[in-house]
Each structure stands twice: as C-alpha cells, then as structure tokens.
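Q: 363 is the number that numbering that gives the first Met the number 0 gives to position 364 of the sequence shown; each next residue is one higher, with no gaps. Backbone N, C-alpha and C define an ideal beta-carbon position, used for all residues, glycine too. Here you go, one structure.
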Amino acid sequence: MADPLLFNPRTYDPKHFDPETRRLLRATVDWFEERGKRRLIDDYRSRAWLADFLDFSAKEGLFATFLTPASAAEGQQDKRWDTARIAALNEIFGFYGLDYWYAWQVTILGLGPVWQSDNTAARTRAAELLAQGEVFAFGLSEKTHGADIYSTDMLLTPDGNGGFRADGSKYYIGNGNAAGLVSVFGRRTDIEGPDGYVFFAADSRHPAYHLVKNVVDSSKYVSEFRLEDYPVGPDDVLHTGRAAFDAALNTVNVGKFNLCTASIGICEHAIYEAVTHAHNRILYGRPVTAFPHVRRELADAYVRLVGMKLFSDRAVDSFRSASSDDRRYLLFNPMTKMKVTTEGEKVIDLMWDVIAAKGFEKDTYFAQAAVEIRGLPKLEGTVHVNLALILKFMRTPLLPPAEFAAVPTRLDAADDTFLFEQGPARGLGSVRFHDWRPAYDVYAGVPNVARFREQADALCEFVTTSAPDEEQSRDLDLLLAVGQLFALVVHGQLILEQARLTDLDEDVLDELFSVLVRDFSAFAVELHGKDSATADQQSWALGAVRRPVVDEARSGRVWECVEALSGAYEMAP
Numbered sequence: 000m001a002d003p004l005l006f007n008p009r010t011y012d013p014k015h016f017d018p019e020t021r022r023l024l025r026a027t028v029d030w031f032e033e034r035g036k037r038r039l040i041d042d043y044r045s046r047a048w049l050a051d052f053l054d055f056s057a058k059e060g061l062f063a064t065f066l067t068p069a070s071a072a073e074g075q076q077d078k079r080w081d082t083a084r085i086a087a088l089n090e091i092f093g094f095y096g097l098d099y100w101y102a103w104q105v106t107i108l109g110l111g112p113v114w115q116s117d118n119t120a121a122r123t124r125a126a127e128l129l130a131q132g133e134v135f136a137f138g139l140s141e142k143t144h145g146a147d148i149y150s151t152d153m154l155l156t157p158d159g160n161g162g163f164r165a166d167g168s169k170y171y172i173g174n175g176n177a178a179g180l181v182s183v184f185g186r187r188t189d190i191e192g193p194d195g196y197v198f199f200a201a202d203s204r205h206p207a208y209h210l211v212k213n214v215v216d217s218s219k220y221v222s223e224f225r226l227e228d229y230p231v232g233p234d235d236v237l238h239t240g241r242a243a244f245d246a247a248l249n250t251v252n253v254g255k256f257n258l259c260t261a262s263i264g265i266c267e268h269a270i271y272e273a274v275t276h277a278h279n280r281i282l283y284g285r286p287v288t289a290f291p292h293v294r295r296e297l298a299d300a301y302v303r304l305v306g307m308k309l310f311s312d313r314a315v316d317s318f319r320s321a322s323s324d325d326r327r328y329l330l331f332n333p334m335t336k337m338k339v340t341t342e343g344e345k346v347i348d349l350m351w352d353v354i355a356a357k358g359f360e361k362d363t364y365f366a367q368a369a370v371e372i373r374g375l376p377k378l379e380g381t382v383h384v385n386l387a388l389i390l391k392f393m394r395t396p397l398l399p400p401a402e403f404a405a406v407p408t409r410l411d412a413a414d415d416t417f418l419f420e421q422g423p424a425r426g427l428g429s430v431r432f433h434d435w436r437p438a439y440d441v442y443a444g445v446p447n448v449a450r451f452r453e454q455a456d457a458l459c460e461f462v463t464t465s466a467p468d469e470e471q472s473r474d475l476d477l478l479l480a481v482g483q484l485f486a487l488v489v490h491g492q493l494i495l496e497q498a499r500l501t502d503l504d505e506d507v508l509d510e511l512f513s514v515l516v517r518d519f520s521a522f523a524v525e526l527h528g529k530d531s532a533t534a535d536q537q538s539w540a541l542g543a544v545r546r547p548v549v550d551e552a553r554s555g556r557v558w559e560c561v562e563a564l565s566g567a568y569e570m571a572p
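Set out below in structure tokens:
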C-alpha cells in the first residue's frame with residue numbers, strides 16, 4: 000500500500016486540483032516515467048541540454064498554463080498563478096531531477112519583474128513567449144558583486160530618444176543561453192542612488208547580447224552573458240527607481256519558496272531507493288534494517304521528510320492568503336528556503352549513512368540526489384542570509400500576538416494576485432503574527448509535542464530576560480544560533496497546524512517531535528559554547544536541554560511505515 004504522505008508516481012492522482020491541472024501534472028509524471036531511469040541518469044551525466052523536456056512543456060502548454068497570471072491570460076480559464084499547483088510541480092521536478100526544476104525555477108524568477116510591471120507591451124510579449132514554449136531568465140547577479148543590487152555595474156546610458164544603451168555583464172544567470180526574455184537589473188549613468196535603478200527586458204538572441212559560457216558543469220545552463228551597446232526601448236523598461244529595487248526583492252520572495260518543494264521531491268525519490276536497498280541487503284545473516292541504528296536513522300529521515308511536507312503545505316496557504324494586511328508569508332518564506340532545504344540535507348545524510356557505498360553507484364538516482372540536495376540551501380540567498388532574515392521577526396511571533404482569522408487550506412483554483420502586488424520591500428518589523436501556542440495546545444497530549452513546548456516556552460523567557468544586548472547584536476555568529484532555536488519553534492507550529500488539518504497519525508507526529516526536541520537541545524548546547532554568550536545565556540541554554548520521551552511501541556509502529564516503503568516504487572528502467 001502506498002504511503003499517503005509521500006509522492007508515488009505509481010499511485011499519484013492529484014484529484015484535489017481542477018481537471019486541466021490534474022491532466023498536466025499526470026502528463027508530466029508520465030513523460031518522465033516513459034523516458035525511464037537509464038535515460039534520466041544518462042542525460043544528467045552527459046550534461047545534455049533539456050531540449051526534449053522543453054519541447055514536451057511547449058507541446059502541453061505546461062509553463063504557459065502554470066505561469067501566466069489571469070490578468071495576462073486573455074480569458075483562458077486554466078491559466079493562472081496558483082502557488083499550490085506550482086508547489087506540486089516543483090515536487091515532481093525535484094523527484095526526477097533538479098536540472099528540469101532549475102529551468103522552470105529560473106523562468107519563474109525571470110517572469111517576476113514582468114508580472115509586477117505596468118508595461119503592457121512587455122506583459123503581452125511575455126505571455127506570447129510562454130505560449131510558444133519559451134523559457135525566461137533573471138539577470139540580477141554579477142560576478143564581482145553577486146546579488147548585491149546596490150553595486151550593480153550593468154549601466155544604462157540615455158540614448159536621447161527616450162531609451163538607453165546597456166553595457167555590462169551578468170553572472171550565474173540560469174537559462175541565459177535560451178531565454179526569450181531576460182529580466183535585467185541595472186542602473187542609469189545619469190542618476191545617482193536608488194532613483195537610477197532600472198529593470199529591463201532583453202532577448203538572448205539579440206546580436207548585442209553575448210553569451211560567454213556556462214559557469215557550471217551541468218545540464219543546467221547557468222550563464223555568464225554580456226551586453227554591449229544593447230538597445231533598450233521604452234517597451235523594454237519594466238521598472239525604474241525604487242520600484243526596480245522592490246521588484247528584485249519581491250521576485251525573490253516569489254521564487255525562493257520553490258526550493259523547499261524541490262528538496263522534498265529529491266528526498267522522496269531517494270527514500271524509496273534507500274529503504275528498498277537496505278531492507279533487501281543481508282549483512283551478517285540479517286537484513287540491514289534489522290539493526291537498531293539503521294532503523295533509527297531511516298525513521299528519523301522519514302519523519303523529517305514528513306515534517307518538510309507538512310510545513311511547506313501549510314506555508315502555501317499563507318502565501319495564497321497574503322495581503323497588504325497579512326504579510327506573515329515574509330517569515331514563512333525564508334523558513335521554507337532555509338529550514339526545509341537544510342532538513343533535506345539531513346534526510347539524505349541519514350539515508351546515505353545507511354546505504355553507504357550504494358549511494359555512489361552510477362545507476363542510482365541517489366548518487367544524483369546526494370549532489371543536488373546540497374545546492375538548494377545555497378540558492379536564492381545562503382542559509383545564513385535567510386536565517387538572518389528570519390531573526391528580524393523573532394520578537395513578534397513569540398510575544399503578544401495579533402488577531403487573524405484562521406488561514407484556510409488553499410487548494411482552490413484561484414490566481415494569487417498579491418504576489419505581484421507586494422509593494423515596497425520594507426517594514427518587516429511591523430509584520431504581525433497569530434498566536435503560535437494554540438497549535439501546540441491541540442497536541443498537548445502528545446508526549447514529545449509537550450516536551451518541545453517546554454523548550455518553546457523557554458525561548459520566550461530567553462527573549463524577555465536574556466536576549467542579546469546591543470553589543471551582542473553585532474555578533475552574527477551568536478545570533479545565528481539563536482535564530483536556529485526560533486526557526487524550530489516556527490517549524491513546529493506550521494507542522495502542527497497542518498497535522499490537525501490533515502489528521503496526521505499521532506505516532507508519526509510524536510516521533511517527529513522527538514527529533515525536534517533533540518534538535519533544539521543541540522542548538523541550545525551550540526549557543527552555550529559561543530564565545531560571547533553571557534553567564535545567564537549559558538545557564539539558560541543548558542536549562543533548555545530536554546530528553547525526548549521514549550516509547551518503543553510508538554517507534555515500532557512508525558518503523559512499519561518506513562519498512563512499507565521497500566519496493567513501493569522503482570522508476571521504470
């Protein structure tokens with residue numbers, strides 16, 4: 000019997016979506032399955048460009064249907080920007096290979112500044128290109144400055160006729176070899192400061208667009224390109240001044256979320272391989288899965304993966320229900336980026352410790368997964384950047400809450416218009432949150448949820464009595480340890496909200512929170528050891544350490560869920 004919590008191509012039927020979405024998701028799965036595992040791995044290892052995949056996408060209208068907002072769809076009912084179904088497709092692409100996901104992800108980023116723009120000509124052009132099956136690119140990063148948009152060296156010189164001539168280079172730009180439209184960030188040479196920023200649309204096929212190289216050894220074409228005297232007309236200008244700056248950050252807000260569900264897909268495919276291999280391998284006369292440490296590692300991997308899915312699914316609801324009066328998504332977004340993707344690394348590491356040398360073999364998906372899972376925490380800002388962003392919210396959710404209506408499960412066929420109407424990218428300190436405690440109260444009878452709640456309450460005490468002072472606030476090393484503790488509380492909150500909405504088995508929930516109790520204790524010990532931690536902070540840290548509640552019968556029942564994954568799915572040859 001298929002595990003209802005994990006994606007399995009054999010049984011996948013996304014019946015919670017509308018008919019066309021179901022058709023496209025199932026058609027995508029079928030395309031990969033018909034292609035087969037050998038071809039999938041060979042393409043990955045030969046670094047083949049994704050022409051066949053993009054032909055399939057164009058034929059089915061996949062990108063066009065999922066990435067054209069209703070405002071640009073000219074009445075075509077199935078086209079909309081729907082984060083729930085975008086997340087579902089992220090998971091499928093991650094399951095089969097990050098190269099496919101990357102072409103899609105960079106298209107999303109390239110479209111962000113366009114769909115936020117009032118430039119009707121550019122919006123119409125983008126919709127037409129999508130309908131033709133084109134991909135897009137996001138020209139923000141530079142070789143010298145990275146994504147430091149304050150220091151861009153892409154220069155636009157007024158041409159005297161209402162347009163510009165663009166000169167400069169961009170680096171680490173996905174799809175830069177084939178994009179029908181590249182959203183490029185630059186600055187005017189005649190205006191200083193933020194008012195001089197410009198976002199404009201470029202075409203990778205224009206003779207003034209020079210493709211330098213692919214900067215990675217991969218099917219992903221992560222380009223360096225250079226513009227030399229590139230003509231930028233009024234119809235190419237997407238944003239100017241501070242609006243261009245806001246469009247850059249708000250686009251990353253939209254695109255950053257996709258990394259978590261891609262990570263989930265990678266882990267799901269890998270766990271089928273890992274459990275099947277371990278359960279059928281005999282060592283010292285016994286199946287590998289008979290050893291207690293192997294069962295613990297695989298069970299930990301399983302419940303961590305379940306937690307990743309629960310958190311991400313609930314975060315989708317906040318994204319889709321966001322508004323100018325409810326910007327809680329601005330916390331949950333870097334959480335999906337930082338927390339879920341690093342959990343993915345832990346899941347792969349736990350399984351790799353079990354399957355060992357098997358994880359290197361060239362005919363496994365796992366060997367690919369072990370490499371690709373590392374990339375996701377490092378895209379759209381590093382773990383440290385996103386953790387620092389999470390820290391900006393720490394006092395508000397833990398202290399007196401605001402009143403919000405309950406966010407419903409959002410699987411409806413609606414256009415997520417607010418994502419392209421986010422407004423100025425500032426004011427994070429004013430974002431309010433609902434009370435985190437009721438989510439924990441519902442499961443107060445689950446032993447490890449109650450144990451973790453003790454640690455969450457202790458963190459509130461830390462914030463009010465032992466928080467870093469002004470000098471310590473400049474010690475990012477110490478602050479990041481505190482941020483990890485806070486992130487765990489938020490992670491647990493959304494997991495519990497989704498657990499209630501989906502009636503998650505309490506054995507699985509209890510086992511998951513036994514892992515979170517251990518994680519919190521480990522980060523508390525890390526805080527204790529920081530150079531600048533005060534005596535009070537050190538005392539608090541050790542006082543926050545807890546031992547999970549052990550229940551062998553519960554762990555045995557959860558192990559049965561893991562054991563059932565053996566043979567549950569294997570990709571067609």
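1. My output table needs one value for T381: the three-state DSSP class, helix, strand or coil.
2. Give me the Cα-Cα distance between A277 and I354, rounded to the nearest whole angstrom.
3. On the premise that A412 lies in contact with R79, defined as a C-beta separation below 8 Å, what is that separation, rounded to the nearest angstrom?
4. Considering only C-alpha positions, which residue in the set S531, F318 and T340 is nearest to Q421?
5. Using the beta-carbon count (16 or more within 10 Å), is I281 buried or exposed?
6. My guess is that D202 and L180 are in contact by the Cβ rule of under 8 Å, so how many angstroms apart are they, rounded?
7. Where G35 and S520 are concerned, what is the direct C-alpha to C-alpha distance, given to the nearest angstrom?
8. Between S531 and the rest of its own chain, which residues show a CB-CB distance below 7 Å, the 5 nearest in sequence each way excluded?
9. For T156, report the span of its beta strand (DSSP E) as first-last.
10. CB G491 to CB F451, shorter than 7 Å?
11. Does the segment 57-74 touch the segment 121-133, meaning 3 or more C-beta pairs lie closer than 8 Å?
12. Work out the CA separation of S538 and F310 for me, nearest whole Å.
13. Return the CA-CA distance between L487 and L515, expressed in angstroms with no decimal places.
14. Once you ignore the five residues that flank D300 on each side, which residues in its own chain have a CB closer than 6 Å to its CB?
15. Go through its chain and collect everything with a Cβ distance to D152's Cβ below 8 Å, but skip five positions before and after it.
16. Considering only DSSP beta bridges, list what N371 is partnered with.
17. Can you give me the Cβ contacts of A368 inside the same chain, cut-off strictly under 8 Å, excluding the 5 residues immediately before and after it?
18. Are there three or more Cβ pairs, one per stretch, closer than 8 Å when the segment 389-399 is compared with the segment 324-344?
19. Report the three-state DSSP secondary structure of K255 (helix, strand or coil).
20. Locate the beta strand (DSSP E) running through K212, then write down its first and last residues.
21. Tell me, which residues are paired with F137 by DSSP?
22. Can you list, in chain order, the residues of its chain with a C-beta nearer than 7 Å to that of E59? Leave out the 5 residues immediately preceding and following it.
23. Along the alpha helix (DSSP H) that carries V462, what are the first and last residues, could you check?
24. Using the C-alpha atoms, what's the distance from Y101 back to M582?
25. How is T151 classed by DSSP in three states: helix, strand or coil?
26. Does the beta carbon of G528 sit closer than 7 Å to a beta carbon anywhere in chain C?
27. With a CB to CB cut of under 7 Å and the five nearest residues on each side skipped, what residues in its chain are close to P400?
28. Find the nearest neighbour of E360 within the set R37, P8 and P3, judged by alpha-carbon distance.
29. Based on the DSSP output, what are the partners of L282 in its beta bridges?
30. Whose C-beta lies closer than 6 Å to the C-beta of D245 among residues of the same chain, with five residues either side of it excluded?
31. List the whole-angstrom C-beta distance separating N257 from N89, where the pair is believed to meet the contact cut-off of C-beta under 8 Å.
32. Would you call the CB atoms of G175 and F224 closer than 7 Å?
33. Below 7 Å CB to CB, which residues in the same chain sit around L110 once its five sequence neighbours on both sides are set aside?
34. So what does DSSP say about K78, is it helix, strand or coil?
35. Which of the three DSSP states, helix, strand or coil, is assigned to T341?
36. What is the rounded straight-line gap between the Cα of E379 and the Cα of P112?
A: Taking the structure as given:
1. coil
2. 6 Å
3. 7 Å
4. F318
5. exposed
6. 7 Å
7. 44 Å
8. Q471, D474 and L477
9. L154 to P157
10. yes
11. yes
12. 31 Å
13. 7 Å
14. The identity of residue 300 in the sequence shown is Ala, whereas the question assumes Asp. Taken in chain order, the residues that qualify are V346, L349 and M350.
15. E141, T143, H144, G167 and S168
16. One detail in the question is off: residue 371 reads as Glu in this sequence, not Asn. According to DSSP, E371 bridges with nothing at all.
17. I265, C266, H268, A269 and I347
18. yes
19. helix
20. Y208 to N213
21. S182
22. L23 and A26
23. P446 to T464
24. Nothing about residue 582 can be reported from this structure: the residues present for the chain run from 0 to 572 only.
25. coil
26. In the displayed structure, chain C is absent; only one protein chain is listed.
27. F432, H433 and D434
28. R37
29. R285
30. P423 and A424
31. 5 Å
32. yes
33. L66, A125 and F135
34. coil
35. helix
36. 16 Å
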